[in-house]
Amino acid sequence: MASVRLASLTKTFGQVTAVDNIDLEIDDREFFVLLGPTGAGKTTTLRLIAGLEKPDQGEVYLGNVSVNDLSPALRDVAFVFQYYTLYPHYTVRQNLEFPLRSKLRRLSESEIDAKVSEVAGVLHIESLLGRETVNLSGGEMQRVAIGRAMVRTPKVFLMDEPLSNLDAKLREEMRTELARLHLDLGFTFFYVTHDQIEAMTMGDRIAVLNEGRILQIGTPDEIYNSPENVFVAKFVGSPTINLFEASIETSTLVVGKKTLVCAIPGTQRSSLEKYTKRELILAIRPEDIEVSKEKKKADSFKCTVYFTQSMGVEDILNLRINDLVLRALVPPKLLARVGDTVYASINMKRSHLFDSETNMRL
Amino acid sequence: MARIANRRQKIGGWVLIIVLAVITFVYLVPFLYIINTSFKPWTGIKEYPPKVIFKPSIGSFIRIFTSRTVYPPGEVPTEEEMARMKWYERIVYRETNEEVVRLGDLPRRYLNSIIICSISTIITVILGTITAYGFSRFKVRGKDDLLFFILSTRMLPPVVVVIPVFLMFRFLGLTDTHIGLILLYVAFNVSFAVWVLKGFIDEIPTEYEEAAMVDGYTRFQVFRKIVVPQATTGIAATAVFCFIFSWNEYAFAFLLSRKIAQTVPAWLPYQMGVLGYDWGAAAAGTFIFLVPVMVFTIILRKHLLRGITFGAIRK
Amino acid sequence: MSIFKRSKENRTRNGQVYYRPMRDITLLRLFIFPTIILLIVINVFPLFWSLFLSFSRYSAKMPNIWGKNPRMIGTANYSRILTDPDIWIRFITTAKYVVLSVGGEMILGFGLALLIFRSNFKGKGLITTLLVLPMTMSPVIVGLMWQLFYDPNWGSFNYLLGLGRIDWVSDPARNLYSIVIVDIWMWTPFVMLLSIAGLSAIPRYLYEAAEIDRASWWLKFWKITLPMVYPLLLVALIFRTIEAFKIFDLPMGIVGRGAVAPRLLALHLYNVSFVTWKTSYGSALGYIMLIIIIATTSIFIKYLKKAKQ
Amino acid sequence: MAEIALRNIVKRFGSLVAVNNLNLHIRDKEFVVLLGPSGCGKTTTLRCISGLETPDEGKILIDEEDVTNKRASQRDVAFVFQLYALYPHLTAYGNIAFPLVAQGLSKKRTRQEVDRAAQILRIKHILNKKPRELSGGDMQRVALGRAIVRRPKVFLLDEPIGTLDAKFREEMRAELKKLHVDIGATTVYVTHDQVEAMSMGDRVVIMNLGVLQQVGTPHEVYNKPKNLFVANFIGSPGMNFISCKPLRGPGGKLALRLPVVNTTIAIPDETQTIIIDKKKEEKDLVLGVRPENVIFSRKEKSNHLQTRVYVVETMGSYNITDVRLGDETIKVRTAPSILPEVGETVYISFDPQRISIFDEETGDSVV
């Protein structure tokens, strides 16, 4: 087990800067998630750590030792690929044995056997050992791939969207299992995904990456509740956060052409004074909008239900006020129908404000 | 209504099948003619119109394999001599009144073909696989130009290159040697092999190799343990191709071999005169030469068809 | 759990390199250079040699006539070739051969591919294989076979077509066409195979989308099938044109290189180089052929690149 | 606009019965989602409606007209394929215009109509690009453009956003739903993703192995699943299941015995009556509880089961705590402020008004 440190790591492919001056420190035994959309540079970062790509600049440290000059074979990391990469010409057992049979390790047959059976036991794949890998189901393949990574006790586990090819139910199950496996084994996990739910549920810490740059590093709670910029706010959380162009006029927030006028909570008022007349972005999570059929609060505003989306536990109401559409998360018992008039009020204490030029949090 | 439409479709399907079967049959008539001719007895070969049904004889095959002299007119082997004759000598005598002197030239040429084609195929495939892997997996400066160069050597008409090759081989003493032809066939097939194999190797996801490298293996070990086993089908198909190409090759064999290393295609067409227009023997020789390729083609049809189109599409 | 503790050797190895594998670049060189060197020695070097010879006067067989070593004479060989009235007849004959055989192959091959592709039965694979047989055969032996088949006295060709005793082989007025027939017979399946590959590469859902979009049969063929197969048809055309242009072994098998043989360039090249042994003259002729091949190919490839975009 | 009726549809592929005796009525302007795991027959059903497949038995009616034997081109439906099925050699404009070209519309009218569609989908800037230059989302929009340009009676969509990124998929869900509200055409949508089905459908049709399982609004299928399959398939995280057996306690009251933890839990009177009425008293049953209906406490309470925390998953607006009940994992949905330690002893009980009970043998819902 080891910590991982990336120091001003940069990698370009032709004109494209895939990874742009990244600094990261991952503690020993941490479950670290790199989250970002397709093409953000997540996989490249992972491949730089594994040594499958050479950085243009910067250093990769594993356990405080720079490994820049080491080939992947010598870095002692494990890589779980998106498409499992089980060798099709080997059985499950041969796949699990493969890393142990490297000349680097010089293990005896009995040691190899012992390790393989132990890992198979942990992952409940004893019954698969004799099978051909091509006949396995997605979930089984996933387990064998993780087993192949585990079997040699690497310094760090690198995982590249390992759940993205499973169906929804299985993905949910594997999420719990991976989280639990990490707790039980205490390996360092470096996990890459584009799915914010995976990141939120499994990660000890999350780094949000876009266009090769790290936008925010923090615990799931920090990422969700105090996003550093608009991209993070928008990318994390489902249903997506509401974003409005807004400006401050005489201690109130004005959205659109005075479509919405919201009072700024007293505590924030003084600190926001200096942004008067600047173009801002107001962000409100759908669960922070309260909707009722009657006007209950003074600051609630009238809107019509544009369309509804059910989530089972909750409904998403898409509300319309003039040109604005806002999403609100409501309990299904509200029973709002398309075209109904309802009243919404915003919990301004939980809203976020961003500068619309820099997209950074105020 | 659905039923009617279905029935019409079914009838259409049957018509199509029959049409295709007829086309295929017509297409194969030349082959059937050769097979037919090669099994005809001596007296039936020059019958016109040709007969389709007759008592088959393997006399033609014996004649193409042997060298013979004609018994002088009036001289007839004694009963004792007849009894001592081998079964094939008897057939030859009965059909053409000839005596078998020794084994003919064909077995030797056939052996040459087999030796030259097998060895050149093995070398080609080995060279082709490693080069294709190199081009598929590494960034090579001027890769496209190099690949185009490799490919373009295949487009050279053999007749154009054959003059300098002829001079070079004469200078090096490689004319009419097995090594000379093997070298030449390797050089001419390797470009094709690289192209086809690069296609196959490109299709193997690099993640397999990367996984193995992360697992503690060197590039070369990865190549041997992961890439080669997964490319086996491609390698086998390429090998069959290279074999067929060199088996069929004519221009080089014809110009660069006279006797010792001569292959069948360079030899057989010139036996018409030697055989005294023995049509049966010529047909039998053709048949024997074509059979291995036919068998190969039919057995390995899936890979072969894929290889033909694949090779072409890649280029 | 024992495996989750790192073993002793692992720990001593941490961060230290005790085993350095071959560098990628070394491996790459080892993998690529043998092939490149072989190709340079056997393909490129001779090519330059023959370029040199084409500007000289040299005979490989008769040093007593033209001298033992090549003597530079500039472009005399080329001007002699291009002013020879006979050579134009050979060019035209060869062009005729290329157009007839390749044209026939393209039309028949694509038609056959459509038939096979539209049908669906168990023996489909077998029929395809049987049709492909001719192209896997040695052209010279196939030529020999057809020579027997064509024979005016005993061959079955005339008999099966009910043509009487027509001489297809030794009559100079006719034997070009007899070779064209065999070429078409041999190579139609090649065009067919490529067309089938092209047709099967068209995703079924495109036709379904067109069906939903209410396209007629004709529109589907015209707007989907043809444009999608076009690049592969062009590839087939390039290949067949080059091959037909340099055809040598097939006519050698059917007619031979003698006086009655059709006046094809490749046969002529053989005659001047290895029968009359005018080696340098032959080299020049070879180079002219090579230039023609490269020129035609690059025109086709330009179209191909456009089609692929 | 149109209504669609499927009557006793059967479709076989060889020995496989892809769709088994399906009856369905889709109302005018309705957004219906066919939901199920792969191989459940949902796509086949859609293809039968479109005319790309002909059912072996049964009838399909569009606007009360029997179209069972009509070809796709005669039905006036639009189909959006899973992999977009754009014509690769045509530009986005050419793709959208294709159905109009096939109808022989004039050039001018075609341009007008394509512009209208491009306007709705906001793709005017990419009309000159070819499909391979477009991103997944743009290809999706072009495919939609090709569908709406014709103003067909019915829209059929086959997993149209399955290949997109998670975040983008969420956006497209809202966008498609909005498009439906704006255009108001009858739409049949196929997906294997229950979130998609729930959030988009006016009604959800759940299928498994070619057999219809349940039809209903998202609320109905979520709260009143007809069988174990539906209960398991709908919801994220899914419903918790615990096997149980009815047991007569002292005083003649019926309770549920949970063998995994060897305890008994009380159930409301109405539930008892239903179990007795349906003669399930002696049967093996399955208790189903949605994660949000598990009552969670970190302090000991009466009638609560004692468990240990297995894993905690944070979701931002709520948390999911996995606890162990014997060998079973129970997922509990809690407020984001509740963050127990792994291994902590906690207490749970089930909201008696909101439990479901199924027959273990048949899988059918009892309560």
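Chains as they are written, first to last, in our numbering: chain A, 1 to 362; chain B, 1 to 315; chain C, 1 to 309; chain D, 1 to 367.
Cβ coordinates follow ideal geometry from the N, Cα and C atoms, glycine included.
Kindly list the residues whose CB is nearer than 7 Å to the CB of Leu-174 (chain B), restricted to its own chain and excluding five residues on each side of it in sequence; keep chain order. Excluding positions up to five away in sequence, the list reads Gly-180.
Given 8 Å, three or more beta-carbon pairs between the segment 242 to 261 of chain B and the segment 99 to 107 of chain C: Taking 8 Å as the limit for Cβ pairs, the verdict is that the segment 99 to 107 of chain C does not touch the segment 242 to 261 of chain B.
Taking Cβ-Cβ distances shorter than 9 Å, what residues in chain G pair up with Val-154 (chain D)? This model lacks chain G altogether, as its protein chains are A, B, C and D.
Continuous beta strand (DSSP E) stretch holding Cys-262 (chain A): start and end: 260 to 263
CB contact flag (Ile-321 (chain A), Thr-259 (chain A), <8 Å): yes
Distance check for Met-82 (chain B) and Glu-95 (chain B), CA to CA, integer angstroms please. Each residue's Cα considered, the two are about 14 Å apart.
Residue environment, Glu-314 (chain A), which counts as buried when at least 16 other CB atoms sit within 10 Å: buried
Quick check: what's the CA-CA separation for Pro-37 (chain A) versus Thr-124 (chain B)? Here the alpha carbons of Thr-124 (chain B) and Pro-37 (chain A) stand approximately 46 Å from one another.
In the DSSP assignment, find the unbroken beta strand (DSSP E) run with His-80 (chain D) in it and report its ends. In the sequence as presented, His is not what sits at residue 80 (chain D); that position holds Val. That run of the beta strand (DSSP E) goes 77 to 80.
Where the beta strand (DSSP E) through Leu-105 (chain D) begins and ends: Segment: none, Leu-105 (chain D) is in no beta strand (DSSP E) and carries neither H nor E.
Helix or strand or just coil, what does DSSP make of Pro-205 (chain B)? coil
If distances are taken between C-alpha atoms only, which option among A:Phe-301, A:Lys-234 and A:Asp-69 comes closest to Ala-166 (chain D)? A:Lys-234
Taking Cβ-Cβ distances below 7 Å as the criterion, which residues of the segment 95 to 118 of chain B are in contact with chain C? Within the segment 95 to 118 of chain B, contact with chain C at the beta-carbon level (separation under 7 Å) is assigned to no residue.
Does DSSP put Leu-157 (chain D) in a helix, a strand or coil? strand
Using only CA atoms, which one of A:Tyr-90, A:Asn-229, A:Thr-188 and A:Val-156 lies nearest to Leu-209 (chain A)? A:Asn-229
Do Leu-290 (chain C) and Val-293 (chain B) count as a contact pair if the criterion is CB distance below 8 Å? Leu-290 (chain C) sits away from Val-293 (chain B), with the two beta carbons spaced by 8 Å or more.
Between Ser-199 (chain D) and chain A, is there a C-beta pair that is closer than 8 Å? yes
By Cβ distance, which residues of its chain are closer than 8 Å to Phe-135 (chain B), with the 5 residues on each side in sequence left out? Lys-143, Leu-146, Leu-147, Val-194 and Lys-198
His-304 (chain D) by DSSP, collapsed to three states: which one? coil
Which residues, in chain order, does the segment 257 to 281 of chain C contribute to contact with chain B at a C-beta distance below 7 Å? Ala-266, Leu-269, Tyr-270, Ser-273, Phe-274 and Thr-279
Does Val-261 (chain D) come out as helix, strand or coil in the three-state DSSP assignment? The answer is coil: DSSP assigns Val-261 (chain D) none of H, G, I, E or B.
Would you check if the distance between the CB atom of Val-144 (chain A) and the CB atom of Thr-133 (chain A) is smaller than 8 Å? yes
With Arg-258 (chain B) as the anchor, note down where its beta strand (DSSP E) starts and where it stops. Where Arg-258 (chain B) is concerned, there is no enclosing beta strand (DSSP E), given that its DSSP letter is neither H nor E.
When the Cα atoms are used, what is the spatial distance from Val-52 (chain B) to Pro-152 (chain C)? 18 Å
Report all residues from its chain with a CB closer than 7 Å to the CB of Thr-341 (chain A); omit the five preceding and five following residues, and keep chain order. Lys-302 and Thr-304
Name the residues in the segment 168 to 183 of chain D whose C-beta lies less than 9 Å from a C-beta of chain A; which are they? Within the segment 168 to 183 of chain D, the qualifying residues are Phe-168, Glu-170, Glu-171, Arg-173, Ala-174, Lys-177, Lys-178, His-180 and Val-181.
So if I threshold CB-CB distances at 7 Å, which residues from the segment 87 to 99 of chain D count as touching chain C? Answer set for the segment 87 to 99 of chain D: Tyr-87, His-89, Phe-98 and Pro-99.
Ile-355 (chain D) - DSSP class collapsed to helix/strand/coil: coil
Within its chain, find whatever has a CB closer than 7 Å to the CB of Glu-53 (chain A); leave out the 5 residues flanking it on each side and keep chain order. Lys-11, Thr-44 and Arg-47
Any Cβ of chain B within less than 8 Å of the Cβ of Ala-60 (chain C)? yes
Indicate the three-state DSSP secondary structure (helix, strand or coil) for Gln-268 (chain A) in the structure shown. helix
Delimiting residues of the alpha helix (DSSP H) encompassing Leu-74 (chain A): 72 to 75
Exposure label - Ser-138 (chain C); buried when at least 16 CB within 10 Å: buried
Identify each residue in the segment 313 to 335 of chain D for which the Cβ-Cβ distance to at least one residue of chain A is less than 8 Å, and report them in chain order. Within the segment 313 to 335 of chain D, the residues whose Cβ lies closer than 8 Å to some Cβ of chain A are Glu-313, Thr-314, Met-315, Gly-316, Ser-317, Ile-320, Asp-322, Thr-329 and Arg-333, listed in chain order.
Check whether chain A comes within 8 Å of Ala-185 (chain D), counting only Cβ atoms and requiring the distance to be less than that. no
Pull out every residue of the segment 145 to 159 of chain C whose Cβ sits closer than 7 Å to any Cβ of chain B, in chain order. Met-145, Trp-146, Leu-148, Phe-149, Asn-153, Trp-154, Ser-156 and Tyr-159
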